[in-house]
Amino acid sequence: MMQSIEQFFPKLSTPSKVVIVTHQKPDGDAMGSSLGLYHFLIQLSHQVTVISPTNWANFLDWMPTANSVLNFEQKENVCKQIIADADFIFCLDFNVLHRTKHVAVHIENSNAIKILIDHHQEPQVSAFNYGISNTAKSSTCEMVYDFIVDSGYQHLINIDIATCLYTGTMTDTGSFRFPSATASVHAMIAYFKSIGLQHTPIHEHIYDNFLEGRLRFIGFVLTNRMEVLYQYNTAIMYVYKQDLQRYDIKTGDTEGLVNYLLTIEGIKFGAIVIDRNEERKWSFRSKGNFDVNTFARLHFEGGGHFNASGGRSDESVDETVQKFKQILKQYEQALQ
Ligand code: 5GP
Ligand code: MN
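Residue numbering for the sequence shown follows the working numbering, starting at 4 and increasing by one per position.
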């Protein structure tokens, strides 16, 4: 059974072999929390390796020491050995082990002490020895900040840590606009500013760092691949493999596209499906009291948060879009 994170604090002072792992296709919060924790633990003389189950978006490459992160798909044998030898495995920004894809079985088989730090609903508590799961938190980055402060090491927070943790808090709060951007989030950012964090370059690295093709792709999708279903206050986008190829779209280029749907007046529910090689990947976003976490769980083998979730399908893009439209009928009332 998972013990509280405070019970783990005494172990921090003994230098150990530490692995930090996050979910596949890590986003700003996954990468930021992992690297933020990395820059903290190395100061306590731990031997630390960050492992990502897959590649990640190029716009995260600038982050301090992102170049030391191992991509499991590229360094499978090295990663397996490091996981097998680890004393501690920190699992960040995911609730269930299968979010680490093919890494899950190696985490399961390792004798390491496993620690969860995450803000998604319904954590797989049986898989972890220690941990904290708090859906009220803006981001795993904010939780890593709390972890450092609560364990008595606030003085070790340096610019690298602040930079990493700012990044994921910024991306997971929609640049501090979602309700999750609480007083404690702003107090944390104020602390980062007080030690010298420069926030403007972080926004530029993340949001002003794309190729021309991505902008033209967005224009194409908005014009040709969007439907507004006013009866349900819902808007959808669907992207075929050929669209991705035509504009040479890379990991991360489609992130945030779904949010455009919610900029239409009156739209409460936005959904996008993208044809990935092995599956059709859904992203769901809502405004107000429509619960897309439950929607994703019930209909698309997914989950996430109340207002932001994801799911998947083995059907074709057209088939899964048809299914979505069928399902939507039962939510007409809920979406008024
Ligand atoms: P995104 O749409 O940005 O990929 O994901 C939105 C949120 O839903 C993220 O917090 C992400 O962790 C979660 N999420 C996305 N896809 C899945 C999924 O297939 N299963 C679960 N449980 N959560 C998901
Ligand atoms: Mn997160």
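Note that beta-carbon positions come from the ideal geometry of N, C-alpha and C, so glycine has one too.
Values in this document were obtained by computation on a predicted structure and should not be read as measured data.
Lining residues of the ligand 5GP - beta-carbon closer than 5 Å to any non-hydrogen atom, in sequence order: This selection yields S286, G305, G306, G307, A311, S312, G313.
Contiguous alpha helix (DSSP H) assignments of at least 4 residues, all confined to the stretch 86–121: 107–112
Beta-carbon gap between A299 and G307 smaller than 8 Å: Translated into the one-based positions of the sequence shown, residue 299 becomes position 296. Translated into the one-based positions of the sequence shown, residue 307 becomes position 304. Remark: C-beta atoms of A299 and G307 approach each other more closely than 8 Å.
DSSP-derived helix/strand/coil call for K284: In the sequence shown, the residue the question calls residue 284 occupies position 281. Strand, per DSSP.
For V51, the residue or residues it bridges with in DSSP: Taking the sequence shown and counting its residues from 1, the one referred to as residue 51 is at position 48. V21.
Per DSSP, the bridge partner or partners of L232: Locating residue 232 in the sequence shown gives position 229, where the first residue counts as 1. Partner(s): T237.
The beta strand (DSSP E) enclosing Y133, as first and last residue numbers: In the sequence shown, counting from the first residue as 1, residue 133 sits at position 130. Where Y133 is concerned, the enclosing beta strand (DSSP E) stretches over 133–136.
Whole-number beta carbon distance between Y250 and G216, since they are thought to touch under 8 Å: Counting from one through the sequence shown, the residue named residue 216 turns up at place 213. Counting from one through the sequence shown, the residue named residue 250 turns up at place 247. Contact flag correct, Cβ pair sits at about 5 Å.
Nearest to A69 (by Cα), restricted to the options I85, L38, K78, T138: Here residue 69 corresponds to residue number 66 of the sequence shown, with the count starting at 1. Here the closest residue by C-alpha is L38.
Alpha carbon of G259 to alpha carbon of R288, nearest angstrom: Against the sequence shown, residue 259 aligns to sequence position 256. Against the sequence shown, residue 288 aligns to sequence position 285. If you take the alpha carbons of G259 and R288, they lie about 10 Å apart.
First through last residue of the alpha helix (DSSP H) which encompasses V295: Taking the first residue of the sequence shown as position 1, residue 295 is located at position 292. Where V295 is concerned, the enclosing alpha helix (DSSP H) stretches over 295–302.
Enclosing beta strand (DSSP E) for V276 [first to last residue]: Counting from one through the sequence shown, the residue named residue 276 turns up at place 273. Counting along the chain, the beta strand (DSSP E) containing V276 begins and ends at 272–278.
Nearest candidate by alpha-carbon position, reference V51, set E79, A60, A89, W59: Taking the first residue of the sequence shown as 1, we reach residue 51 at position 48. The shortest C-alpha separation from V51 is found at A89.
Host beta strand (DSSP E) of G313 (start-end): Stepping through the sequence shown from its first residue, residue 313 is reached at position 310. G313 -> beta strand (DSSP E) spans 311–316.
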